[in-house]
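**Q** This note's numbering numbers the first residue of the sequence shown as 14 and each following residue consecutively.
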Amino acid sequence: MEENPVLIVGAGPTGLALALFLKHQGVDVRIIDKDEGPGEASRAMVVQARTLEFYEQLNFAERAIERGTKVGVIDLRKQGKPLASLSLGDLGADLSAFPFALCFPQDHHEQLLIEELARVGVHVERQTVLIDFKEQDDYIDVTLEKNKILESTQTSYLCGCDGASSTVRHVLNIIFPGGTYQERFFVADIVRKDNGMIAADHVNLCMEEASFCAVLPVRQSGTERLIGIVPPHLAQKEQLTFEDIRPSVEKLLGLHVEEMHWFSTYHVHHRVANQFRQGRAFLLGDAAHIHSPAGGQGMNTGIGDAINLAWKLAGVIKKINDPKILDTYETERRAFAMILVKTTDRVFQGV
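1. Between the Cα of residue 172 and those of 354, 351, 18, 349, spot the shortest distance and give me the residue it belongs to.
2. Look up residue 198 in the DSSP assignment and say whether it is helix, strand or coil.
3. Counting only the same chain and skipping the five closest in sequence on each side, list residues whose C-beta sits under 8 angstroms from that of residue 163.
4. Below 8 angstroms on the Cβ atoms is my guess for residue 323 versus residue 38; work out the distance and round it to an integer in Å.
5. State the Cα-Cα distance for the pair residue 219 and residue 93, rounded to the nearest angstrom.
6. Report yes if the C-beta distance between residue 27 and residue 315 is below 9 angstroms; otherwise report no.
7. Mind checking residue 23: buried by the 16 CB within 10 Å criterion, or exposed?
8. Closest by CA to residue 72, which one among 121, 120, 240, 130?
9. Exposed or buried, which one is residue 311 when buried takes at least 16 other CB atoms within 10 Å?
10. Please name the residue or residues paired with residue 277 in a DSSP beta bridge.
11. Whole alpha helix (DSSP H) runs in the region 50-79 with 4 or more residues, listed along the chain?
12. Can you tell me which of 110, 51, 296 puts its alpha carbon nearest to the alpha carbon of residue 68?
13. Hey, quick one: how far does the beta strand (DSSP E) through residue 217 stretch, first residue to last?
14. DSSP three-state label for residue 90, please.
15. Closest by CA to residue 42, which one among 167, 342, 317?
16. From residue 339 to residue 286, what does the alpha carbon distance come to, in whole angstroms?
17. Does the separation of the CB atoms of residue 265 and residue 226 fall below 9 angstroms?
18. Can you list, in chain order, the residues of its chain whose CB lies under 8 angstroms from that of residue 198, leaving out five sequence neighbours each side?
19. Does the Cβ of residue 135 lie closer than 8 angstroms to at least one heavy atom of the ligand ATP?
20. Under the assumption that residue 289 contacts residue 346 (Cβ atoms under 8 angstroms), give the Cβ distance between them as a whole number of angstroms.
21. Does the beta-carbon of residue 351 have 16 or more other beta-carbons within 10 angstroms, so that it is buried, or is it exposed?
22. I'd like the list of long-range same chain contacts for residue 334, defined as Cβ closer than 6 angstroms, with 5 residues on each side in sequence excluded.
23. Please classify residue 95: does DSSP put it in a helix, a strand, or coil?
24. Can you list, in chain order, the stretches of the beta strand (DSSP E) that have 3 or more residues and sit fully within the region 126-190?
25. Using 10 angstroms around the beta-carbon of residue 64, count the other beta-carbons present and answer buried if the total reaches 16, otherwise exposed.
26. For residue 20, count neighbouring Cβ atoms within 10 angstroms of its own Cβ and tell me buried if that reaches 16, exposed if not.
27. In the DSSP assignment, what residue or residues form a beta bridge with residue 348?
28. Between residue 31 and residue 229, how many whole angstroms is the CB-CB distance? I'm expecting something under 8 angstroms.
29. Within the same chain, show all residues whose beta-carbon is closer than 7 angstroms to that of residue 117, passing over the 5 residues directly before and after it, in chain order.
30. Exposed or buried, what is residue 249 when buried is set at 16 or more other beta-carbons lying within 10 Å of its beta-carbon?
31. Looking at the secondary structure, which residues open and close the alpha helix (DSSP H) in which residue 44 lies?
32. Measuring alpha carbon to alpha carbon, tell me which residue in 90, 84, 115 is nearest residue 262.
33. Got a sec, what are the start and stop residues for the beta strand (DSSP E) residue 261 sits in?
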């Protein structure tokens with residue numbers, strides 16, 4: 014187990030962060046991903062201050078900030094008109110060196126983490142699929158597949174960062190209880206006409222009875238992201254288009270959309286795995302918990318999982334920490350995930 018004591022399955026932000034923080038603590042890793050390349054969609058958008066604080070420990074927070082858009086103010090609106098403003102800087106100035114939210118599309122975020130991994134000599138093995146694994150006394154037998162060729166290997170620890178449909182979780186037979194919010198959500202990337210009412214570096218948010226909508230910067234090119242709940246009178250329409258929801262969005266936020274580049278609808282699930290650890294195998298990120306996008310917590314929580322586990326695994330592998338410390342990963346991170354799901358449940362029960 015000396016060459017690659019940790020095998021990481023999944024190269025999204027959670028898996029990449031785990032690999033990076035383990036390597037910086039002197040632990041060799043192997044990271045695989047079933048896809049042929051990094052994601053191209055700007056799924057997760059917001060990087061929170063705590064995540065930037067983690068990145069600062071490895072001296073690359075500024076590189077993230079340079080590529081994203083700093084948001085220091087959340088403007089609340091009602092029927093398109095300003096209601097109140099919340100300054101993140103005022104709230105966080107004494108708490109963090111990064112008193113703002115960073116809008117940083119997930120595809121750009123993953124690319125940055127890939128670059129940081131390359132600096133320390135780690136590269137993602139693409140189109141490599143986890144087929145099966147079985148734990149032995151002090152290691153795990155693993156079967157992988159690449160280009161239709163099977164590979165048998167061994168690892169001391171296996172980390173499942175492979176998303177909501179996690180193979181690691183399925184092999185471990187860990188149940189993933191939860192449900193689906195009844196609301197139907199939408200997401201769109203747009204360019205809006207500047208009417209002077211909405212600042213480009215602010216998040217604008219409207220929450221009213223049976224409605225929720227927000228607009229935030231996506232890329233430095235000027236594209237913005239619209240997210241929200243499909244209006245009740247349109248919720249059952251099968252072939253929903255952006256033009257269907259456009260009138261309500263423009264009314265709620267007080268904006269005019271000039272271009273629409275991408276539009277999709279989806280349902281949000283909320284689930285927390287019964288276990289985050291089984292023997293030498295661990296679940297992190299969406300493999301362990303999924304929930305509403307409210308507050309931009311999903312990706313940040315997964316990265317938090319990675320940081321929590323990285324130093325504990327590194328200490329055990331280097332024989333600095335008692336292996337019992339690994340038990341605290343599930344205790345701490347599952348409790349956090351449960352609180353997060355309950356909080357976002359309450360948010361959407363009130364909409």
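Ideal Cβ placement from N, Cα and C applies to all residues, glycine included.
**A** For this structure:
1. Within the sequence shown, residue 172 is the residue found at index 159, counting from 1. Taking only the C-alpha atoms, the option nearest residue 172 is 18.
2. To locate residue 198, count along the sequence shown from 1; it is residue 185. It is a strand residue.
3. Counting from one through the sequence shown, the residue named residue 163 turns up at place 150. Correct list, in chain order: 144, 156, 157.
4. For the purposes of this step, residue 323 is taken as the residue at position 310 of the sequence shown. For the purposes of this step, residue 38 is taken as the residue at position 25 of the sequence shown. Right, their Cβ atoms sit about 7 angstroms apart.
5. Walking along the sequence shown from the start, residue 219 turns up at place 206. Walking along the sequence shown from the start, residue 93 turns up at place 80. Those two C-alpha atoms are separated by around 8 angstroms.
6. In the sequence shown, residue 27 corresponds to position 14, counting from 1. In the sequence shown, residue 315 corresponds to position 302, counting from 1. Yes; because the gap between Cβ atoms is below 9 angstroms, this pair is in contact.
7. Position 10 of the sequence shown holds residue 23. Counting the other Cβ atoms within 10 Å of the Cβ of residue 23 gives 16 or more, which makes it buried.
8. Working through the sequence shown from its first residue, we reach residue 72 at position 59. When only C-alpha atoms are compared, the closest one is 130.
9. Residue 311 sits at position 298 when you count from the first residue of the sequence shown. Within 10 angstroms of the beta-carbon of residue 311 lie 16 or more other beta-carbons, which makes it buried.
10. Walking along the sequence shown from the start, residue 277 turns up at place 264. The partner list for residue 277 (beta bridge, DSSP) reads 200.
11. 62-70, all fully within the region 50-79.
12. If you number the sequence shown from 1, residue 68 lands on position 55. Here the closest residue by C-alpha is 110.
13. The residue labelled residue 217 in the question sits at position 204 within the sequence shown. Element bounds for residue 217: 215-221.
14. As a first step, residue 90 must be located in the sequence shown, where it is residue number 77. DSSP places residue 90 in strand when its eight states are reduced to three.
15. Taking the sequence shown and counting its residues from 1, the one referred to as residue 42 is at position 29. Among 167, 342, 317, the Cα nearest to that of residue 42 belongs to 167.
16. Numbered from 1 along the sequence shown, position 326 holds the residue referred to as residue 339. Numbered from 1 along the sequence shown, position 273 holds the residue referred to as residue 286. Each residue's Cα considered, the two are about 17 angstroms apart.
17. Along the sequence shown, one-based indexing puts residue 265 at 252. Along the sequence shown, one-based indexing puts residue 226 at 213. The answer is yes: Cβ separation under 9 angstroms.
18. If you number the sequence shown from 1, residue 198 lands on position 185. A distance below 8 angstroms between beta-carbons, with the five flanking residues on each side excluded, links residue 198 to the following residues of its chain, in chain order: 240, 241, 242, 243, 278, 279, 280, 281, 306.
19. No copy of the ligand ATP occurs in the structure displayed, which carries no ligand at all.
20. Here residue 289 refers to the residue found at position 276 when the sequence shown is read from its first residue. Here residue 346 refers to the residue found at position 333 when the sequence shown is read from its first residue. Confirmed, about 6 angstroms.
21. Locating residue 351 in the sequence shown gives position 338, counting from the first residue. Sixteen is the threshold: since fewer than 16 other Cβ atoms of the shown chains lie within 10 Å of the Cβ of residue 351, the residue is exposed.
22. Locating residue 334 in the sequence shown gives position 321, where the first residue counts as 1. The beta carbon of residue 334 lies closer than 6 angstroms to those of 328 in the same chain, with the five residues before and after it left out.
23. As a first step, residue 95 must be located in the sequence shown, where it is residue number 82. Three-state DSSP puts residue 95 in a strand.
24. For the region 126-190, whole beta strand (DSSP E) runs of length 3 or above, ordered along the chain, are 141-148, 153-159, 162-168, 170-173.
25. Translated into positions along the sequence shown, residue 64 becomes position 51. Of the other Cβ atoms in all chains shown, 16 or more fall within 10 Å of the Cβ of residue 64; this residue is therefore buried.
26. For the purposes of this step, residue 20 is taken as residue 7 along the sequence shown, with counting starting at 1. Buried, since its Cβ has 16 or more Cβ neighbours within 10 Å.
27. Start at 1 with the first residue of the sequence shown, and residue 348 comes out as number 335. Residue pairing by DSSP leaves residue 348 without any beta bridge partner.
28. Taking the sequence shown and counting its residues from 1, the one referred to as residue 31 is at position 18. Taking the sequence shown and counting its residues from 1, the one referred to as residue 229 is at position 216. Contact between residue 31 and residue 229 does not hold, since the beta-carbon distance rounds to 27 angstroms and is not under 8 angstroms.
29. Position 104 of the sequence shown, counted from the start, is the residue given in the question as residue 117. Closer than 7 angstroms at the Cβ level, and outside the excluded window around residue 117, lie 60, 77, 80, 81.
30. Stepping through the sequence shown from its first residue, residue 249 is reached at position 236. Exposed is the call here.
31. Position 31 of the sequence shown holds residue 44. Where residue 44 is concerned, there is no enclosing alpha helix (DSSP H), although the beta strand (DSSP E) it sits in stretches over 42-45.
32. Along the sequence shown, one-based indexing puts residue 262 at 249. With distances taken between CA atoms, residue 262 lies nearest to 90 out of 90, 84, 115.
33. Here residue 261 refers to the residue found at position 248 when the sequence shown is read from its first residue. No beta strand (DSSP E) holds residue 261; the alpha helix (DSSP H) holding it covers 255-266.
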